Each structure stands twice: as C-alpha cells, then as structure tokens.
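Colleague: Protein chains in written order, with this note's numbering: chain A, -14 to 334; chain B, 881 to 1382. Beta carbons are placed, not taken as given, at the ideal position from N, Cα and C, and that holds for glycine. Bear in mind that the values here come from a model prediction, so they are computed numbers and not experimental data. This is the structure I have questions about; it appears just below.
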Amino acid sequence: MPERWSTPETTVVTGAAGWLGQALMHRLRADPARARLRVLVHDASETAVFDNAENVNVIVGDIADRAVVDALFDGVGADADVIHTAGVIHPKRVSDFFDVNTTGTKHIVSAARAAGVRRLVHVSSNSPFGTNASATDVFRNDEPYNPYYGYGQSKMEAEQAVFAAVAGEDGGAALDAVVVRPPWFYGPFQPPRQTTFFRMVRKGKFPVIAGGHQRRSMVYVDNLVDGLLLAELTPRARGNGYWIADARPYQVTEIVETVGRALRDEGFSVKVGALRLPAIAGRVAEVGDKLIQRTGRYQQQLHVLGEMDKTIACDISAARRDLRYEPQVELYEGMRRSIRWCVEQGLEL
Amino acid sequence: MAGDAADGRRYVSGLLDAAAIAAGDALDAEVVVVGSGAGGAVTAALLAEAGFDVLIVEEGPWVEQESVRPFSLEQMDWQYRAGGVTVALGLPSIAYTEGRCAGGGTEVNSGLYFRPPVDLIDRWTTDYQIKDLDPDEIAGIADEVEQALDVGKVPGRKTPGSEILRRGAAALGWRHSEIPRWMTYPPGGDAVTGKRQSMTRTYLPRAFAAGARMVVDCRVDKLTVGKGVATGLSVRYSDGTRSEIRCRHAIVCGGAIQTPALLQRSGVRGRIGRSLAVHPTVKLSGRFAGEVNVPDDVPVHQVKEFAPDLSFGGSASHPGLVALALSDHWAEFSRAITEWRRICIYYAAITSEGRGVVQAVPGLRDPLVTYRLTHRDRETLRSGLARLALLMLEAGADEVYPSFRGAPVVRNRRDLATMQQSFAASKASVMTVHLCSTVPMGEALDRCGADSFGRVHGTSNVWVNDASLLPSAPGVNPQATVMAFAIRNVRRFIETNGRGDA
Chain A
-14 MPERWSTPET TVVTGAAGWL GQALMHRLRA DPARARLRVL VHDASETAVF DNAENVNVIV
46 GDIADRAVVD ALFDGVGADA DVIHTAGVIH PKRVSDFFDV NTTGTKHIVS AARAAGVRRL
106 VHVSSNSPFG TNASATDVFR NDEPYNPYYG YGQSKMEAEQ AVFAAVAGED GGAALDAVVV
166 RPPWFYGPFQ PPRQTTFFRM VRKGKFPVIA GGHQRRSMVY VDNLVDGLLL AELTPRARGN
226 GYWIADARPY QVTEIVETVG RALRDEGFSV KVGALRLPAI AGRVAEVGDK LIQRTGRYQQ
286 QLHVLGEMDK TIACDISAAR RDLRYEPQVE LYEGMRRSIR WCVEQGLEL
Chain B
881 MAGDAADGRR YVSGLLDAAA IAAGDALDAE VVVVGSGAGG AVTAALLAEA GFDVLIVEEG
941 PWVEQESVRP FSLEQMDWQY RAGGVTVALG LPSIAYTEGR CAGGGTEVNS GLYFRPPVDL
1001 IDRWTTDYQI KDLDPDEIAG IADEVEQALD VGKVPGRKTP GSEILRRGAA ALGWRHSEIP
1061 RWMTYPPGGD AVTGKRQSMT RTYLPRAFAA GARMVVDCRV DKLTVGKGVA TGLSVRYSDG
1121 TRSEIRCRHA IVCGGAIQTP ALLQRSGVRG RIGRSLAVHP TVKLSGRFAG EVNVPDDVPV
1181 HQVKEFAPDL SFGGSASHPG LVALALSDHW AEFSRAITEW RRICIYYAAI TSEGRGVVQA
1241 VPGLRDPLVT YRLTHRDRET LRSGLARLAL LMLEAGADEV YPSFRGAPVV RNRRDLATMQ
1301 QSFAASKASV MTVHLCSTVP MGEALDRCGA DSFGRVHGTS NVWVNDASLL PSAPGVNPQA
1361 TVMAFAIRNV RRFIETNGRG DA
C-alpha cells in the first residue's frame, strides 16, 4: 500500500458553493493535477463562484433528489474521488436536517458505489457525539455516539450509512470511505451569519456563560481542507473516522480575547468585555432549543446559545498518526485572515 | 494468636487471656486505637513497636480468610457493615460498603495497589495547608508498605474478565495497565491462587508481636471528652454488655463514615463529617461468547485513559452479584442470568465534584449520610458508562446490560446512542466503595477537622488516622494512600510523645 495516492482524474465535490466547499474548491482549482472537477451546488445563482472555468462541471440541484445525484455521477468512474461537504446546519425546519444530511448522504453513498469510485470522503461533525461531560474532558478519536438534537441525529445516521457501506453490511459492494469530523470552523468564505460573531465581540456582547471556562475545539478552514485532502489520498485511512481540528482546544474566554485582539490588530475598535451570563442561561437556552426542535422548527440563536456553555473538545492525535495531518494555522492568525477576507468582500463587521 | 471466630469469642490478643481482661478495667491502655483497618492496624503496629501500650478496639468480628469465600454475598454478610447495605441519601442515593471486621476493608477489597499520586499530594499541601508533607517521605513509606504487603503482579494467567478489559482498551488505543496487588502466590500459581496480604496477616500480627492487645465485637459508643481532653471510651460488646476504658490518647480509625460519627457523638466540634468525598461508580454487565466468569476473583486490569476524572475496572461477578446487576431492568435483562458464566461485571468510577455529609443522629446506631452529585458528576457518569460499553463491544461482547432503570440492551454502536439518551444518574444504581475526607487534615481551619498530623483541632489527645484525613478522594484505590499517611502521622506522634512508659 503506498503512503499516498496520486490525485485522481476526476474529483467530485458536493456543497461546492458552501463555506467549506468554496475553500476546498479554491485549493483544488489551484492544483493543475486536478484535471476534472464535477461539483454540486444547490442554486443556479451559486454557479458564478466558479468563473465558468473549463475544468469545472457544475450540476445544480437538491442533494435529497436522487436524480440530481445521478446526474452528478454521470460519467464518473474508478479514477475518481468524492468529497462530500454538503450539509445543512442551521435550517428552517428540523426535517431539512434529515433530507439533506441523511438522505443526501445515502444518495451519495449509493451513487459512489455504483460508479465504483476510488474513495468517498464524508464530512461529518462533532454533533453525533454530543458535548463533553466536563470542561477537562477531551473526545478521543473513537467515542460512543450521543447525538446533539436534530443536527447530531441526522449526521450520526449519515455516518452510519457510510460505515455500513464500508463494511458491506447492506449487501452491496464494499465502499472505500473515510469520515472527517470537524468541530466549529472559521476562516475565509464564511457565510453572513459569522459576521454577527465578529460584531458581538467588537461590541463586547459575545455571550460568555458561567465564567467561560468551557473549551471548544475549532478548525481554521484551510486546516480542514488540508485534512480533507489527506483523508482523500491516504490509503490506510480506509474505514476510519478522524477529528480534524486546530492543534488544541481553546477556552471560551481565550476565543473572545483572541478575536478581540485580532480585530484590534486589523484596525477595528473593540469594546473590552463580554456578555457575562450565569450557567442557568445556557441550560434555559438548551431546553428552549430542544422544545422548539420537537415541534419541527429550528431557532438558530437559541441553539447556539444552548451550546455555548458546553465543552466540545477533541483529540487530533489519530489524524496526526494516520494521515500525517499537522494544523498550520492557529486561532489568532486564522482570525486575522478571516477578518481580512471579510473586509475584502466589503462585509460590515 | 487469633481467637476462634466460630465460638463468638470477642478477645483476640497475644498477651492477655479472655478472663483477665473480661473485667473491662484491665483494658485500660496508654493508647486506644479504634478500628483495625488500613489506618488502625498500621497505627497500632508502629506504636506497639515503639514501646507504647496499645489496645485495639474493633466493632466487627475476627474472620479467618479461609473461612469465607472471597467476593461472595456470604462475605458481605459477615465482614461488611449491615450486610453491605448502606446508603448515602441523595438524588440518586449512593449505596456504599464498609468493611466491619478485624482488618476492616483490607479483608474484603480488591487488593489493588496505587502509590499516592504526587500531584495530588502537592495540591493537598497547598489547598489544605498541610505542614511538612514531603512527597519523598511518602514515597519512602510506600516502599516499606510494598515490602510489608508483598505488592506485586499476577505471576501467571490473568482471569478472562481481566483480559477483556485489556483487549477492549488496546483496541481503542486507551491507556490501561495491570495493577499490582497485595497478594502472595504459590509457586506456579495464577490469579485465582493469590493470598491477600490483609491487615489480619500483616500489621495486626506485628502489633500483637510487639505487645498490642485487641478486643473484637466491641463497639465504641463515645469518647469521654472534656475541655478538649479525652479520658476514656464507653464501649458496648455485641452481647449488649457495656464498659468504660481509660486511655491517655484516643486514635480513631473507624473509616470515613464511622470516625466522624463517633467524634460527633462524643461532642467534638469543628469540620467533622461535612465534606465526605467518594468515587461514585456505575456498572454494566457484559455477555461474551465463552465462559469468562471467575466468581472468586476480580480483574487486575484498569483503564486509566481518562484518569483521574474517570477510571474503568472489573467488579466481583458472583452469580448473586450478576443477578443484582441485571435487576435494574429485570424484565428485559433477566433472561441473561442463566448464562452468568458468560457474564462479567465492570464499573466506571469518577472523581466527584460533589460532597456529602455524615451526621450522627441521637438514638440511632448509624449516622445519616447524604451525598450530592453535581451536574458535571452526572454527565461524567453518563459518558463513563457509555465509554465502558464501547470498550465492551470492542472486546467482543455480544450484549451489554447497563445498570440503570429502563436501560436498553447494547449490541452495537447505534445502541450506545440510545443508551446515552435514556441515561440519567437518578435512574442508575450508583455505588461506591471508596469513602474519604470527612475529617480533612491541615491547618486551613475553614475546611480541616484535624491538624497536619491528624490531631483533631480543638483537642489535645484525640487523633484521627484513617481515610477520613485524606482531603479529597484520590482518584485511585485509596488504601495505599491511607496506609502511607497513617504511617507518616504515627511516626510524628511517636517523635512528639516520646517512647511509651510501658
């Protein structure tokens, strides 16, 4: 078994116009060895981001629609890898989680098998594993599932569909697949909701619950792209799942302080402080999130606040060992690049 | 030198015959040691060897090891307090067990040995202002204890239950190791042939050889304390007769529940019984393809990947205990009991942020014990039990039965999600065997019941020298730490109080 495969003739990318998808596409298009890119986007309006490049074939449609996925895989064969980044994290309705994240992934798995591709890289999340039991706990590479509400459940079911295909449990031909689990990511190509994050820090209004001793693993989006490509091209990774994150988890207070510093160093005025909330605020928000999700609806602010008092920390040593993954960018530098990107896009912080 | 337990004789002594001490007054001693477990036995032995006139008073019976099957329900009935059924009230309540026999917990525990953790000693020194607590001195004492108890690893085959832990942890890449025990093995022996080097085999015979006397089946009702000075003890034998014993020093080593209760009954005030610390523990049973159950022994492997927050190990798995472990969801789990030979019980133990209270209640024999788990404790129990179940699956378990009300049978990773989402600590059979910290030692008066060497604050001659002194639960099996601290303290006592005038 070689240490690394060479790049395939065809690279299939789902969610190509998303945050991670754009960062990935940016890298793939800069690599002359990537001869052919077949990508899936949700809306026709999103095709513009690929500049009508000759080697990019764009398919437009809903990943939950099998016919759309079949079109994406039209003409795709063994000399192809699939990087499946499509997913919905803040939907309008809870059912979207399952249509996009679970059903969509099942379609991709099925089509990838039928096409006989070399490898599928499935982008998962920390959410199938819930949150850490305490601020000192760290998720090891292999953990028991404990899905965090609708998103976590949908991503867990997606992972299970991938692993079942790898094991050939469902009777089909065994699929070569690797699962990549990124925590909270940040960096260029961020959607507009992320500018709210910078604005809250600037105004000293970022919610810090119960002293902010919770720890969060985060991943700079280019570190994540590094991890995805290593997962794609490392033969021995087959059948495994890996955390891909920055080198270490950050304490919430450190995140707020570092983002404030990055904003100041990029020339923004920053009001010192944070919106300090008691522990109960996080619990109340979590209960609210749970109750609303039970009715099939989804409320982003409550969901995010409910998660803010949790520790979500993961250990990347398995990715370091098996993939030779080494994160290149840390929080301060990553946030500065992220802020610069926003400024270049003319986004108001 | 030991009395015959079967005929109910209550005196065990190398020096005096029963008739001579039956009068009661003859029991007067320079130092009375209350309790004969890991703390009391070493205290008595070292004092006697230094020339002090020592009497050990033990509430429980003297039970020869060969006369009772290890880790059995019968043993719980004989050698545990209240047959092993004692509870710290709370949501959930936590069942705890205490040895109640000559040798105390050392006669019945798993015999797994951990040196006192150095970082913990440093933290205790700072947080509780313990004077002259030298990690090197403790390490030196640990060397002595390891020799005295023949601490070592199993020479031959480990039990299948131990092998399961090793295999599961190795598959997950989790840190694990074989824990040495205070056991001796015959030539060519293996795990099940070990002889436990408990206090009745080690420090108590040493105490007797140096002249100490011991009375068993004798409960201390209270110490007679006036103006901070103890002058004697009121005791009651198991047949109901009472008497008084006079002493110059009283050293209380009754364990973390009985020690504070006795001090409270004796009117001693201060930080006594306010800060009980335990290792709350949840369990599961794993069913495997082959016959893995070895009723008379417990696994010697532990998983320390998540230590000190969380540790995994194996429990006693007698058929009776298997039935007990399956009883949390009996309707669903009971069918497994006929296959008990294929089942082993395992535990996940946590270091807890919560604390408990021991409160003596006038008119009641036993104190009221309460314990409060924090949110973090409950969450750690949940994730601990799930991680342990994952380890079972990786070790090849066909089915896993978690010990909480309404728990699902776990057969695959998907079931682990169901299990975690239906878990609540309040539904679990939480228990503990490690009880500490009810008379913390140190000079920080707002949190310490005894000074840096175990003398109860506000008294001149009442001492504590058992697990009650440890400022927090150590995150490892505590017996070695209890012994090391007891030896350190008793040496200081000998230095301070000179050689006995006996």
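Could you have a look at Tyr317(A) and say whether DSSP puts it in helix, strand or coil?
Modeller: Position 332 of the first sequence, counted from the start, is the residue given in the question as residue 317(A). Tyr317(A) falls in the helix class under three-state DSSP.
Colleague: Would you say Asp274(A) reaches chain B, if we count a Cβ-Cβ gap shorter than 7 Å as a contact?
Modeller: Numbered from 1 along the first sequence, position 289 holds the residue referred to as residue 274(A). Chain B, which has no Cβ nearer than 7 Å to the Cβ of Asp274(A), makes this no.
Colleague: Is Gly904(B) helix, strand or coil by DSSP?
Modeller: Indexing the second sequence from 1 puts residue 904(B) at position 24. Low confidence applies to Gly904(B): its pLDDT is 49, below 50, so where it sits in the model is not reliable enough to give any reading.
Colleague: For a test of the three-state rule: what should DSSP assign to Trp1062(B), helix, strand or coil?
Modeller: Looking up residue 1062(B) in the second sequence gives position 182. Trp1062(B) falls in the strand class under three-state DSSP.
Colleague: Hey, could you find the ends of the beta strand (DSSP E) Gln285(A) is sitting in?
Modeller: By 1-based counting over the first sequence, the position of residue 285(A) is 300. Gln285(A) -> not in any beta strand (DSSP E); alpha helix (DSSP H) instead, spanning Gln285 to Met293.
Colleague: Mapping the DSSP letters down to three states, classify Glu1259(B) as helix, strand or coil.
Modeller: Translated into the one-based positions of the second sequence, residue 1259(B) becomes position 379. Correct three-state label for Glu1259(B): helix.
Colleague: Who are the neighbours of Pro76(A) on chain B, taking C-beta pairs under 7 Å?
Modeller: Taking the first sequence and counting its residues from 1, one reaches residue 76(A) at position 91. Neighbours of Pro76(A) on chain B: none; closest Cβ ~21 Å, over 7 Å.
Colleague: Answer with buried or exposed for Pro167(A), where buried requires no fewer than 16 other C-beta atoms within 10 angstroms of its C-beta.
Modeller: Within the first sequence, residue 167(A) is the residue found at index 182, counting from 1. Result: buried.
Colleague: By DSSP, does Thr(-5)(A) sit in helix, in strand, or in coil?
Modeller: One-based indexing of the first sequence puts residue -5(A) at position 10. Note: Thr(-5)(A) maps to strand in three-state DSSP.
Colleague: Do you know how far the Cα of Asp207(A) is from the Cα of Leu1268(B)?
Modeller: Translated into positions along the second sequence, residue 1268(B) becomes position 388. Translated into positions along the first sequence, residue 207(A) becomes position 222. Near 35 Å, if we compare the C-alpha coordinates of Asp207(A) and Leu1268(B).
Colleague: Let me check you understand the geometry: is the CB of Pro1288(B) closer than 6 Å to at least one non-hydrogen atom of the ligand ADP?
Modeller: With respect to small molecules bound, the structure shown includes none, and the ligand ADP cannot be examined in it.
Colleague: Check whether chain B comes within 7 Å of Ala195(A), counting only Cβ atoms and requiring the distance to be less than that.
Modeller: Taking the first sequence and counting its residues from 1, one reaches residue 195(A) at position 210. It does not: the Cβ of Ala195(A) has no partner Cβ on chain B nearer than 7 Å.
Colleague: So with CB distances below 7 Å, who are the chain A contacts of Leu1296(B)?
Modeller: Counting from 1 along the second sequence, the entry for residue 1296(B) is found at position 416. Here the neighbours are Pro129 and Tyr130.
Colleague: Excluding the 5 residues preceding and the 5 following Ala230(A) in the sequence, name in chain order all residues of the same chain whose CB lies nearer than 6 Å to its CB.
Modeller: Reading the first sequence from its first residue, position 245 is the one you call residue 230(A). Answer for Ala230(A): Pro168, Ser202, Val204, Cys299 and Ile301, listed in chain order.
Colleague: Quick one: list the residues of chain B neighbouring Met141(A), beta-carbon separation under 7 Å, in chain order.
Modeller: In the first sequence, the residue the question calls residue 141(A) occupies position 156. What Met141(A) touches in chain B: Ala1297.
Colleague: Under a CB-based cut-off of 7 Å, is Ser112(A) close to chain B?
Modeller: As a working mapping, residue 112(A) is identified with position 127 in the first sequence. Judged by the 7 Å Cβ criterion, Ser112(A) is not in contact with chain B.
Colleague: Using a cut-off of 7 Å between C-beta atoms, extract the partners of Thr1231(B) located in chain A.
Modeller: Against the second sequence, residue 1231(B) aligns to sequence position 351. Chain A residues near Thr1231(B): none, gap ~10 Å exceeds 7 Å.
Colleague: With 7 Å as the threshold, decide whether the Cβ of Gly904(B) is near any Cβ in chain A.
Modeller: Translated into positions along the second sequence, residue 904(B) becomes position 24. Residue placement at Gly904(B) cannot be trusted, given a pLDDT of 49 that sits under 50; the coordinates are not used to answer.
Colleague: How big is the Cα-Cα spacing for Asp127(A) and Lys1184(B)?
Modeller: Locating residue 127(A) in the first sequence gives position 142, counting from the first residue. Locating residue 1184(B) in the second sequence gives position 304, counting from the first residue. If you take the alpha carbons of Asp127(A) and Lys1184(B), they lie about 16 Å apart.
Colleague: Alpha carbon to alpha carbon, what distance is there between Thr87(A) and Glu142(A)?
Modeller: Numbered from its first residue, the first sequence carries residue 142(A) at position 157. Numbered from its first residue, the first sequence carries residue 87(A) at position 102. Cα to Cα, Glu142(A) sits roughly 6 Å from Thr87(A).
Colleague: What are the partner residues of Ala222(A), as DSSP defines its beta bridges?
Modeller: Here residue 222(A) refers to the residue found at position 237 when the first sequence is read from its first residue. Ala222(A) pairs with nothing; no bridge assigned.
Colleague: Span of the beta strand (DSSP E) holding Lys1163(B)?
Modeller: Position 283 of the second sequence, counting from 1, holds the residue named residue 1163(B). Unbroken beta strand (DSSP E) run through Lys1163(B): Thr1161 to Arg1167.
Colleague: Can you give me the C-alpha to C-alpha distance between Leu926(B) and Gly917(B), rounded to a whole angstrom?
Modeller: Residue 926(B) sits at position 46 when you count from the first residue of the second sequence. Residue 917(B) sits at position 37 when you count from the first residue of the second sequence. Each residue's alpha carbon lies about 14 Å from the other.
Colleague: How is Thr1139(B) classed by DSSP in three states: helix, strand or coil?
Modeller: Translated into the one-based positions of the second sequence, residue 1139(B) becomes position 259. Helix.
Colleague: Quick one: what does DSSP say Asn42(A) is sitting in, helix, strand or coil?
Modeller: Counting from 1 along the first sequence, the entry for residue 42(A) is found at position 57. Strand, per DSSP.
Colleague: Looking at the strands, I want to know which residues DSSP matches up with Lys1075(B).
Modeller: Stepping through the second sequence from its first residue, residue 1075(B) is reached at position 195. Partner(s): Thr1064(B).
Colleague: Output needed for Arg1371(B): all residues of its chain with C-beta closer than 6 Å, excluding positions within five of it in sequence on either side, in chain order.
Modeller: What you label residue 1371(B) is simply residue 491 of the second sequence in a count that begins at 1. Within the same chain, Arg1371(B) has no close Cβ partners at all.
Colleague: Provide the residue span of the alpha helix (DSSP H) that contains Gln1239(B), from first to last.
Modeller: Position 359 of the second sequence holds residue 1239(B). First-last for Gln1239(B): Gly1236 to Gln1239, but that is the beta strand (DSSP E), not the alpha helix (DSSP H).
Colleague: Determine the burial state of Ile324(A): buried for a count of at least 16 other Cβ atoms within 10 Å of its Cβ, exposed for fewer.
Modeller: By one-based count along the first sequence, residue 324(A) stands at place 339. By the neighbour-count rule (16 or more Cβ atoms within 10 Å), Ile324(A) is buried.
Colleague: CB Val255(A) to CB Arg187(A), shorter than 7 Å?
Modeller: In the first sequence, the residue the question calls residue 255(A) occupies position 270. In the first sequence, the residue the question calls residue 187(A) occupies position 202. A contact, by the Cβ cut-off of 7 Å.
Colleague: For the stretch 1310 to 1356 of chain B, list the beta strand (DSSP E) runs that are entirely contained and at least 3 residues long, ordered along the chain.
Modeller: You should have 1342 to 1344.
Colleague: Let's test the definition: count the other Cβ atoms within 10 Å of the Cβ of Trp4(A) and tell me whether it reaches 16, buried, or not, exposed.
Modeller: Position 19 of the first sequence, counted from the first residue, corresponds to residue 4(A). The residue in question, Trp4(A), is buried, as its Cβ has 16 or more Cβ neighbours within 10 Å.
Colleague: Tell me which same chain residues have a C-beta within less than 8 Å of the C-beta of Val79(A), skipping the five on either side of it?
Modeller: By one-based count along the first sequence, residue 79(A) stands at place 94. Closer than 8 Å at the Cβ level, and outside the excluded window around Val79(A), lie Gly135, Gln278, Gly281, Arg282 and Tyr283.
Colleague: Against chain A, which members of the stretch 1187 to 1204 of chain B pass a CB distance test of less than 9 Å?
Modeller: Residues passing the 9 Å Cβ filter: Asp1189 and Leu1190.
Colleague: Let me see if you follow: with CB-CB separation under 7 Å, is Ala118(A) close to chain B or not?
Modeller: Walking along the first sequence from the start, residue 118(A) turns up at place 133. Closer than 7 Å to some Cβ of chain B, the Cβ of Ala118(A) qualifies, so yes.
Colleague: Kindly list, in the order they appear in chain A, the residues whose Cβ is closer than 9 Å to that of Arg1262(B).
Modeller: Within the second sequence, numbered from 1, the residue matching residue 1262(B) stands at position 382. Within chain A, the residues near Arg1262(B) are Ala118 and Asn131.
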